[in-house]
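Engineer:
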């Protein structure tokens, strides 16, 4: 091979490496900003959850959800109210910074609260399209983030967002049930409005769409962009789970006892 050809190939190779490095650096910057998305310190919401089968049949659930962000921990409680099949089921999750999350569930049929083990991460949460692992957010450092392009994204219902498109691949393949995720991040809110999840065979399995983001002001005057409606669809089964916040209180203090196992078992503060 002539020297000039070798030099040319080397130059092309180095350009590809530089482009890939930039794509990863830009992708990490975007997803770091996503992880810093401004969230209220406290939230109390009334939620309607709709489970839809492939044949169109539906089950509608109503629940209360409580949230708290404090001391590098994010707390979330779900308290199911209807229908009778799930009434008084309660779930508590504590997301720990740089550590495994803690999760407990109270099942009224057994009248007991149990810890959800990490080995159950790929199991469905309450018959929804979300697994227990889906309930937790991943640390930015757990994935490689490749910026791909800028692109318009139109979600169900017609809302269109101007987005960054980022591919997220787990650094430790065993740490995720997905081989990779494709994320469309709204440039205005820096919130992921469309996410595609691919199984271990690189087949699309789930799509998460945010149908409605609304600017809101909390009790302390702080302003937030709040995702009020989202839909998670398993494209392989045709089943979907829609979550809609119908009433929301922001930054009004919630008793610490709500975020405890005792509240799970009693429903009382």
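Numbering (this note's numbering), first residue to last: 25 to 293. Don't be surprised by glycine CBs; every beta carbon is placed ideally from N, CA and C.
1. Note down the Cα distance separating residue 216 from residue 205, rounded to an integer number of angstroms.
2. Between the Cα of residue 178 and those of 272, 209, 131, 128, spot the shortest distance and give me the residue it belongs to.
3. For residue 280, count neighbouring C-beta atoms within 10 Å of its own C-beta (all shown protein chains included) and say buried if the count is 16 or more, exposed if not.
4. Tell me whether the region 131-149 and the region 107-114 touch, counting them as touching only if at least three CB pairs, one residue from each stretch, are closer than 8 Å.
5. Within the same chain, show all residues whose beta-carbon is closer than 6 Å to that of residue 173, passing over the 5 residues directly before and after it, in chain order.
6. In the DSSP assignment, the alpha helix (DSSP H) including residue 289 goes from what residue to what residue?
7. Within the same chain, show all residues whose beta-carbon is closer than 6 Å to that of residue 41, passing over the 5 residues directly before and after it, in chain order.
8. I'd like the list of long-range same chain contacts for residue 149, defined as Cβ closer than 8 Å, with 5 residues on each side in sequence excluded.
9. So residue 278 and residue 243 are supposed to be a Cβ contact under 8 Å. How far apart are they, rounded?
10. For the pair the region 250-266 and the region 65-81, tell me if three or more CB-CB distances fall below 8 Å.
11. Do you know whose CA, among 225, 139, 108, lies nearest residue 129's CA?
12. Please work out which residues of its chain come closer than 8 Å, Cβ to Cβ, to residue 145, disregarding the five sequence neighbours upstream and downstream, and give them in chain order.
13. For residue 69, which of 126, 203, 58, 103 has the nearest alpha-carbon?
14. Taking the Cβ atom as the reference point for each residue, do residue 124 and residue 143 lie within a distance shorter than 8 Å?
15. Nearest-angstrom Cα distance between residue 287 and residue 248?
16. Can you tell me whether residue 109 is buried or exposed? The criterion is at least 16 other CB atoms within 10 Å of its CB, across all chains shown.
17. State the start and end residues of the unbroken beta strand (DSSP E) segment that holds residue 79.
18. Could you check the C-alpha separation between residue 120 and residue 93 for me, to the nearest Å?
19. Apart from the five residues just before and just after residue 238, which ones in its own chain have a Cβ nearer than 7 Å to its Cβ?
20. Out of curiosity, what's the CA-to-CA distance linking residue 44 and residue 230?
Structural biologist: Reading from the atomic positions:
1. Locating residue 216 in the chain shown gives position 192, counting from the first residue. Locating residue 205 in the chain shown gives position 181, counting from the first residue. Rounded to the nearest angstrom, the two C-alpha atoms are 12 Å apart.
2. On the chain shown, position 154 is the one that residue 178 refers to. Looking at the Cα atoms, 209 is the closest of the given residues.
3. Locating residue 280 in the chain shown gives position 256, where the first residue counts as 1. With fewer than 16 other Cβ atoms within 10 Å, it is exposed.
4. yes
5. Walking along the chain shown from the start, residue 173 turns up at place 149. Excluding residues within five positions, the ones whose Cβ falls inside 6 Å are 189.
6. Position 265 of the chain shown holds residue 289. That run of the alpha helix (DSSP H) goes 285-290.
7. The sequence position of residue 41 within the chain shown is 17, counting from 1. Any answer about residue 41 is weak, because its pLDDT of 47 lies below 50 and its placement is not dependable; what the coordinates show is given next. Excluding positions up to five away in sequence, the list is empty.
8. Taking the first residue of the chain shown as position 1, residue 149 is located at position 125. Within the same chain, residue 149 has close Cβ partners 115, 155, 156, 158, 159.
9. Numbered from its first residue, the chain shown carries residue 278 at position 254. Numbered from its first residue, the chain shown carries residue 243 at position 219. About 11 Å; that fails the 8 Å criterion.
10. yes
11. Within the chain shown, residue 129 is the residue found at index 105, counting from 1. Nearest option by C-alpha distance: 139.
12. In the chain shown, residue 145 corresponds to position 121, counting from 1. Excluding residues within five positions, the ones whose Cβ falls inside 8 Å are 155, 156, 157, 201.
13. Position 45 of the chain shown, counting from 1, holds the residue named residue 69. It is 103 whose Cα lies nearest to the Cα of residue 69.
14. Counted from its first residue, the chain shown places residue 124 at position 100. Counted from its first residue, the chain shown places residue 143 at position 119. For residue 124 and residue 143, no; Cβs fall outside 8 Å.
15. Walking along the chain shown from the start, residue 287 turns up at place 263. Walking along the chain shown from the start, residue 248 turns up at place 224. Near 28 Å, if we compare the C-alpha coordinates of residue 248 and residue 287.
16. The residue given as residue 109 occupies position 85 in the chain shown. Residue 109 comes out exposed.
17. Position 55 of the chain shown holds residue 79. Taken as a continuous stretch (DSSP letters only), residue 79 belongs to no beta strand (DSSP E), as it is neither H nor E.
18. Within the chain shown, numbered from 1, the residue matching residue 120 stands at position 96. Within the chain shown, numbered from 1, the residue matching residue 93 stands at position 69. Roughly 11 Å separates the two Cα atoms.
19. Against the chain shown, residue 238 aligns to sequence position 214. These residues qualify, in order along the chain: 250, 252.
20. Locating residue 44 in the chain shown gives position 20, counting from the first residue. Locating residue 230 in the chain shown gives position 206, counting from the first residue. The predicted position of residue 44 is uncertain, since its pLDDT is 46 and thus under 50; a value taken from the coordinates is nonetheless stated next. Distance between the alpha carbons of residue 44 and residue 230: 27 Å.
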